[in-house]
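One point on numbering: in my numbering, the residue at position 131 of the sequence shown is 132, and numbering is uninterrupted.
Comments concern the structure below.
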Amino acid sequence: MKERMAVMSYFIAISGSPSAVSRSSILVNYLRKESAKQGIPVKEYSVLDFPADVLIEGRYGHSSIKKLSEEIKEASGIIIVSPVYKAAYTGALKALLDILPQDSFKNKPVFPLMVGGSPAHLLAIDYSLKPLLAALSAQTILKGVYLTDQYVDKEDFENPIKNEEVLEKISDQLKQLIDISQNTKAVL
Numbered sequence: 002m003k004e005r006m007a008v009m010s011y012f013i014a015i016s017g018s019p020s021a022v023s024r025s026s027i028l029v030n031y032l033r034k035e036s037a038k039q040g041i042p043v044k045e046y047s048v049l050d051f052p053a054d055v056l057i058e059g060r061y062g063h064s065s066i067k068k069l070s071e072e073i074k075e076a077s078g079i080i081i082v083s084p085v086y087k088a089a090y091t092g093a094l095k096a097l098l099d100i101l102p103q104d105s106f107k108n109k110p111v112f113p114l115m116v117g118g119s120p121a122h123l124l125a126i127d128y129s130l131k132p133l134l135a136a137l138s139a140q141t142i143l144k145g146v147y148l149t150d151q152y153v154d155k156e157d158f159e160n161p162i163k164n165e166e167v168l169e170k171i172s173d174q175l176k177q178l179i180d181i182s183q184n185t186k187a188v189l
């Protein structure tokens with residue numbers, strides 16, 4: 002009888018913000034802590050973790066990109082958080098995702114979040130981010146959550162979400178990500 006080895010489950014979270022301290026990075030930190038409470042660690046990445054020339058020149062063979070690709074391959078799920086710039090995700094996030102292998106998100110559920118200055122870009126997740134995630138072969142792309150700046154307190158790192166309805170949406174989506182990733186892992 003073969004013994005099944007327990008595989009440590011984890012998520013990869015990528016912040017698309019080109020700012021060191023941003024609402025996106027604060028949300029990634031919050032989701033990391035919430036996921037850890039459910040027993041799933043999160044490995045955090047930011048577009049700032051990669052040399053600019055690697056992103057701009059599309060150097061997919063660079064060690065930092067290879068490391069991220071390997072960690073994504075082993076991850077149970079992906080969290081993508083980006084501010085809205087010109088009705089879409091950031092160019093830095095696009096540059097990073099462009100140099101990952103095309104099937105990087107295959108068999109991975111993905112939880113997209115976007116933060117914008119107003120409700121005017123509410124559909125940015127559906128019309129800009131989700132098609133990019135699908136191009137990376139994401140197995141399941143959750144509905145996602147769009148937040149306006151006013152709901153993310155940059156001064157409160159422990160409880161940054163200041164709207165109960167938005168907090169509930171994020172909690173529900175995180176629970177779905179956990180459930181789907183566990184079901185997918187059981188099938189694979």
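We put the CB at the ideal spot given by N, CA and C, even for glycine.
Next on the checklist: Once DSSP output is grouped into helix, strand and coil, what is the label at V22?
Outcome noted: In this structure, DSSP gives V22 a state outside helix and strand, which the three-state scheme calls coil.
Item to check | V48 in three-state terms, based on DSSP | outcome: Judged by DSSP in its simplified three-state form, V48 adopts helix.
Next on the checklist: Runs of 3 residues minimum, wholly inside the stretch 91 to 137: which ones carry the beta strand (DSSP E) assignment?
Outcome noted: List check, beta strand (DSSP E) in window: 110 to 117.
Checklist entry - Who are the near neighbours of M6 in its chain, counting only those whose CB is closer than 8 Å to its CB and skipping five residues on each side? => result With a pLDDT of 39 at M6, under the threshold of 50, the predicted position of this residue should be treated as unreliable, though the coordinate-derived value follows. Correct list: empty, nothing qualifies.
Checklist entry - In or out: P110 buried (at least 16 other Cβ within 10 Å) or exposed? => result The C-beta of P110 has 16 or more other C-beta atoms within 10 Å across all chains shown, which makes the residue buried.
Checklist entry - What three-state label does DSSP hand S70 in the structure shown? => result When secondary structure is reduced to three states using DSSP, S70 falls in the helix class.
Checklist entry - Over what stretch of residues does the beta strand (DSSP E) that includes V146 continue unbroken? => result Looking at the DSSP string, the run of the beta strand (DSSP E) that includes V146 is V146 to T149.
Next on the checklist: Closest to S70 by C-alpha separation, out of Y11, I100 and M115, would be which residue?
Outcome noted: Of the candidates Y11, I100 and M115, I100 places its Cα closest to the Cα of S70.
Item to check | For V153 and A93, believed in contact at Cβ under 8 Å, the rounded distance | outcome: Between the beta-carbon of A93 and that of V153 there is about 19 Å, and that puts the pair past the 8 Å contact cut.
Next on the checklist: Strictly by DSSP, which residues pair up with S83?
Outcome noted: Its beta-bridge partners are M115.
Checklist entry - Roughly how many whole angstroms lie between the Cα atoms of L130 and I81? => result Taking the straight line from one Cα to the other gives about 9 Å.
Item to check | Pairwise C-alpha distance: D104 and A136 | outcome: Going from the Cα of A136 to the Cα of D104 covers about 8 Å.
Checklist entry - What span of residues does the beta strand (DSSP E) with I15 cover, start to end? => result Counted as a single uninterrupted DSSP element, the beta strand (DSSP E) harbouring I15 occupies residues F12 to S16.
Next on the checklist: Looking at I15: is its Cβ nearer than 9 Å to the Cβ of L97?
Outcome noted: Inclusion of I15 and L97 in the CB contact set at 9 Å is warranted, their separation being smaller than that value.
Checklist entry - Candidates E45, G59, D150 and Y31: which alpha carbon is nearest A121's? => result When E45, G59, D150 and Y31 are compared, the shortest CA-CA separation from A121 is found for D150.
Checklist entry - Starting from L56 and walking both ways along the alpha helix (DSSP H), at which residues does that stretch end? => result A53 to E58 is the span of the alpha helix (DSSP H), which, as asked, contains L56.
Checklist entry - When burial is assigned at 16 or more other CB atoms within 10 Å of the CB, is L134 buried or exposed? => result By the 10 Å Cβ count, L134 comes out buried.
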